[in-house]
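> Numbering (the UniProt record's numbering), first residue to last: 1 to 530. Note that CB positions come from ideal geometry on N, CA and C, so glycine has one too. Nothing here was measured: the structure is a model prediction, and the numbers come from that model. Quick one: the structure is below, questions incoming.
The structure is reproduced here in structure tokens:
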């Protein structure tokens with residue numbers, strides 16, 4: 001048979017698929033290029049969104065209402081972006097430049113949207129962070145002239161979510177700065193040991209002091225030095241109103257609702273607070289040794305004295321009847337003129353003739369004079385010794401003794417340092433001589449909480465330090481921080497404003513007065529809104 005080339009090629013189908021490949025190769029390459037570059041683009045977008053999220057969360061942690069809130073939030077966001085873009089198109093792993101971040105602040109968030117853009121640091125509650133546009137450098141699709149490139153961008157919005165936990169519903173207004181604005185940095189480390197004059201925000205109710213007018217709201221403005229109450233909704237915090245200050249400090253629970261001021265006329269609270277000093281009766285309550293509620297501290301040093309029959313303070317007059325330890329004028333009373341005061345003194349500056357201290361002192365009190373009068377010793381002598389664990393009595397290493405540090409020193413040897421103290425005698429109007437004694441250990445009721453245990457000492461109260469700017473009546477409060485106050489002198493229940501004197505112990509600590517309380521009383525968590 002003759003060989004025909006044309007017939008051969010017509011019948012041979014072995015290379016037919018090549019034509020199909022030739023036709024299909026172009027769209028296949030395009031699809032592969034699109035998939036590859038789309039993956040790169042999604043990776044870059046993920047990196048940018050992660051960067052925006054982290055920057056927004058970091059920025060939100062600093063929105064604490066301070067004058068540096070905005071500056072601090074931008075610094076925090078910049079520090080958070082040490083994170084590098086691993087899907088950067090040039091393989092360089094460059095950090096996202098902080099100059100490419102932009103910030104917008106708002107003072108609220110309602111109905112899934114931010115409200116009221118602001119540039120005022122104290123008002124900034126929500127932050128929107130935008131990350132600069134990044135060019136997407138495609139690898140394969142430009143070869144096919146399909147896409148030449150694109151832009152990736154991201155943004156995130158965050159706020160600082162707060163909760164109030166484990167605290168009694170007590171508050172005081174922070175003092176003002178020299179400029180007249182609330183001191184949002186209060187208390188500083190240098191404020192520890194300084195005295196602070198407080199008084200109940202609402203005046204006393206004279207018509208029936210044992211039945212406060214809870215349905216009456218005090219609408220007057222809150223001011224520095226005001227002491228009052230918070231409206232909290234967790235267990236025990238709202239129980240036993242009008243006696244809250246006498247309850248022990250173990251208020252377990254949390255609320256996510258913003259605390260409000262509670263300015264009702266709660267007259268018995270002053271008497272409840274005084275139960276910590278062994279001054280009774282507490283309103284409708286008595287000392288409960290099992291819980292510590294309405295029980296005195298182990299050290300009840302105070303400027304209250306008791307009239308006795310002679311120059312001996314022991315045994316007690318009247319066999320130690322409860323009425324002997326009731327509030328003035330029934331039994332206990334301030335020391336008569338001419339006798340030394342057994343309680344810890346106020347800061348000297350409160351007695352200055354010119355420019356006396358107003359709400360807070362400077363921490364300088366007549367420590368050596370008082371120690372010499374009542375213990376025959378001095379600060380230097382005490383500071384040269386240490387406690388049973390070898391620790392210095394100078395707890396904050398400032399080179400001097402605060403009233404709280406002296407209080408702790410006295411507790412270390414109660415038998416010798418907290419004996420009844422005979423103050424002296426005063427001639428009465430009828431010619432009879434009156435003798436007076438002070439009792440720095442509880443005589444009316446057993447101490448409820450041993451010093452150094454898991455509970456706080458009864459002379460320590462945890463209180464919210466509140467910025468009271470424009471605060472009046474019952475409204476949401478701006479809590480700056482939680483503070484532990486040492487009770488120096490009891491409430492003057494005969495005064496309309498029921499004033500009392502405290503010393504700043506420092507930021508609030510957990511039970512035992514030594515453990516840190518991070519995220520224990522006020523919990524703050526930055527959360528993404530979108």
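Mind checking which residues open and close the alpha helix (DSSP H) that includes residue 414?
Walking along the chain shown from the start, residue 414 turns up at place 414. Looking at the DSSP string, the run of the alpha helix (DSSP H) that includes residue 414 is 414-417.
> Would you give the residue range spanned by the beta strand (DSSP E) that residue 102 belongs to?
The residue you call residue 102 lines up with position 102 of the chain shown. Start and end: 101-110.
> Please confirm if the stretch 156-170 is in contact with the stretch 65-84, defined as three or more CB-CB distances below 8 Å between the two stretches.
In short, these stretches do not touch, since the Cβ pair count stays below three.
> Find out if the Cβ-Cβ distance for the pair residue 346, residue 505 is shorter than 9 Å.
The count along the chain shown starts at 1 and reaches residue 346 at position 346. The count along the chain shown starts at 1 and reaches residue 505 at position 505. No.
> Could you tell me whether the Cβ atoms of residue 459 and residue 487 are closer together than 9 Å?
Translated into positions along the chain shown, residue 459 becomes position 459. Translated into positions along the chain shown, residue 487 becomes position 487. Yes, the pair counts as a contact, with Cβ atoms nearer than the cut-off.
> If I'm right that residue 496 touches residue 193 with Cβ under 8 Å, what's the distance once you round it to whole angstroms?
Here the question's residue 496 lines up with position 496 in the chain shown. Here the question's residue 193 lines up with position 193 in the chain shown. That belief does not hold up - the Cβ atoms of residue 496 and residue 193 are roughly 29 Å apart, past 8 Å.
> Determine the DSSP secondary structure at residue 114, reduced to helix, strand or coil.
Residue numbering aside, residue 114 sits at position 114 when the chain shown is read from its first letter. It is a strand residue.
> Which residue comes first and which comes last in the alpha helix (DSSP H) that contains residue 70?
For the purposes of this step, residue 70 is taken as the residue at position 70 of the chain shown. Its alpha helix (DSSP H) spans residues 69-80.
> So residue 464 packs on residue 230, CB below 8 Å; how close in whole Å?
As a working mapping, residue 464 is identified with position 464 in the chain shown. As a working mapping, residue 230 is identified with position 230 in the chain shown. Confirmed, about 6 Å.
> From the DSSP output, in three-state form, read off residue 277 for me.
As a first step, residue 277 is located in the chain shown; it is residue number 277 there, counting from the start. Helix at residue 277.
> Of the residues 489, 278, 479 and 57, which one's Cα is nearest the Cα of residue 163?
Translated into the one-based positions of the chain shown, residue 163 becomes position 163. The option with the nearest alpha carbon to residue 163 is 479.
> So what does DSSP say about residue 436, is it helix, strand or coil?
For the purposes of this step, residue 436 is taken as the residue at position 436 of the chain shown. If DSSP states are grouped into helix, strand and coil, residue 436 belongs with the strands.
> For residue 369, does the three-state DSSP call read helix, strand or coil?
For the purposes of this step, residue 369 is taken as residue 369 along the chain shown, with counting starting at 1. In the structure shown, residue 369 sits in a helix (DSSP, three-state: H, G or I).
> Determine the burial state of residue 447: buried for a count of at least 16 other Cβ atoms within 10 Å of its Cβ, exposed for fewer.
Taking the first residue of the chain shown as position 1, residue 447 is located at position 447. Buried.
> Pick out whichever of 47, 174 and 228 has its Cα sitting closest to the Cα of residue 473.
Counting from one through the chain shown, the residue named residue 473 turns up at place 473. Ranking the options by Cα distance to residue 473, first place goes to 228.
> Exposed or buried, residue 201, counting other C-beta atoms within 10 Å across all chains shown (16 or more means buried)?
The residue you call residue 201 lines up with position 201 of the chain shown. By the 10 Å Cβ count, residue 201 comes out buried.
> Cutting at 8 Å between CB atoms, please list the residues of its own chain near residue 299, excluding the five before and the five after it.
Residue numbering aside, residue 299 sits at position 299 when the chain shown is read from its first letter. Here the set comprises 407, 410, 411, 414, 418, 440, 441, 451 and 459.
> At a cut of 8 Å, does the stretch 337-357 reach the stretch 286-303 through at least three beta carbon pairs?
Touching, per the Cβ criterion.
> Which same chain residues, not among the five before or five after residue 126, have their C-beta less than 6 Å away from its C-beta?
The sequence position of residue 126 within the chain shown is 126, counting from 1. Closer than 6 Å at the Cβ level, and outside the excluded window around residue 126, lie 106, 109, 114 and 159.
> Helix, strand or coil, according to DSSP, for residue 87 in the structure here?
Counting from 1 along the chain shown, the entry for residue 87 is found at position 87. The predicted position of residue 87 is uncertain, since its pLDDT is 42 and thus under 50; no value can be drawn from it.
> At which residues does the beta strand (DSSP E) containing residue 489 begin and terminate?
Taking the first residue of the chain shown as 1, we reach residue 489 at position 489. Segment 478-489, the beta strand (DSSP E) holding residue 489.
> So, for residue 313: in the same chain, excluding its five sequence neighbours on each side, which residues have a beta-carbon less than 6 Å away from its beta-carbon?
Residue mapping note: residue 313 aligns to position 313 of the chain shown, counting from 1. The residues are 420, 422 and 437.
> Can you give the Cα-Cα distance for residue 550 and residue 153, rounded to whole angstroms?
Beyond the ends of the chain as shown, which are 1 and 530, falls residue 550; an answer cannot be given.
> Name the DSSP bridge partner or partners of residue 255?
Here residue 255 refers to the residue found at position 255 of the chain shown. For residue 255, which the question treats as bridged, DSSP gives the partners 164.
> Excluding the five sequence neighbours on either side, which residues of its own chain have a C-beta within less than 7 Å of the C-beta of residue 405, listed in chain order?
Position 405 of the chain shown, counted from the start, is the residue given in the question as residue 405. So the list reads 393, 394 and 395, once near-sequence residues are dropped.
> Out of 25, 503 and 101, point me to the one whose CA is closest to residue 49's CA.
Working through the chain shown from its first residue, we reach residue 49 at position 49. Measuring from the Cα of residue 49, the nearest candidate turns out to be 101.
> Is DSSP giving residue 407 helix, strand or coil here?
Stepping through the chain shown from its first residue, residue 407 is reached at position 407. Residue state, collapsed to three classes: helix.
> What does DSSP give as the partner residue(s) for residue 504 in the beta ladder?
On the chain shown, position 504 is the one that residue 504 refers to. Its beta-bridge partners are 485.
> Classify residue 23: buried if its beta carbon has 16 or more other beta carbons within 10 angstroms, exposed otherwise.
Sequence index remark: in the chain shown, residue 23 carries index 23 (1-based). Exposed: under 16 other Cβ atoms inside 10 Å.
> Is residue 526 helix, strand or coil by DSSP?
Sequence index remark: in the chain shown, residue 526 carries index 526 (1-based). Reduced to three states, the DSSP call for residue 526 is strand.
> Looking only at its own chain, which residues have a Cβ that is under 8 Å from the Cβ of residue 320, when we skip the five neighbours before and after it?
Along the chain shown, read from residue 1 onward, the residue named residue 320 stands at position 320. Its pLDDT being 42, under 50, residue 320 is placed unreliably in this model, and the coordinates cannot settle the point.
> Closest to residue 571 by CA distance: which of 79, 507, 161 and 338 is it?
Within the shown structure, residues of the chain are numbered from 1 to 530, placing residue 571 beyond reach of any answer.
> Do you know offhand how far residue 92's Cα is from residue 253's?
Here residue 92 refers to the residue found at position 92 when the chain shown is read from its first residue. Here residue 253 refers to the residue found at position 253 when the chain shown is read from its first residue. Note that residue 92 scores a pLDDT of 49, beneath 50, so its modelled location is shaky; the value from the coordinates is reported in the next line. Near 50 Å, if we compare the C-alpha coordinates of residue 253 and residue 92.
> Just reading off the beta strand (DSSP E) that residue 460 is part of, what are its end residues?
Reading the chain shown from its first residue, position 460 is the one you call residue 460. That run of the beta strand (DSSP E) goes 460-467.
> By how many angstroms is the C-alpha of residue 195 removed from the C-alpha of residue 182?
The residue you call residue 182 lines up with position 182 of the chain shown. The residue you call residue 195 lines up with position 195 of the chain shown. Straight-line Cα distance between these residues: approximately 18 Å.
> If we call anything under 9 Å between Cβ atoms a contact, is residue 498 one with residue 491?
Sequence index remark: in the chain shown, residue 498 carries index 498 (1-based). Sequence index remark: in the chain shown, residue 491 carries index 491 (1-based). Contact flag set, yes.
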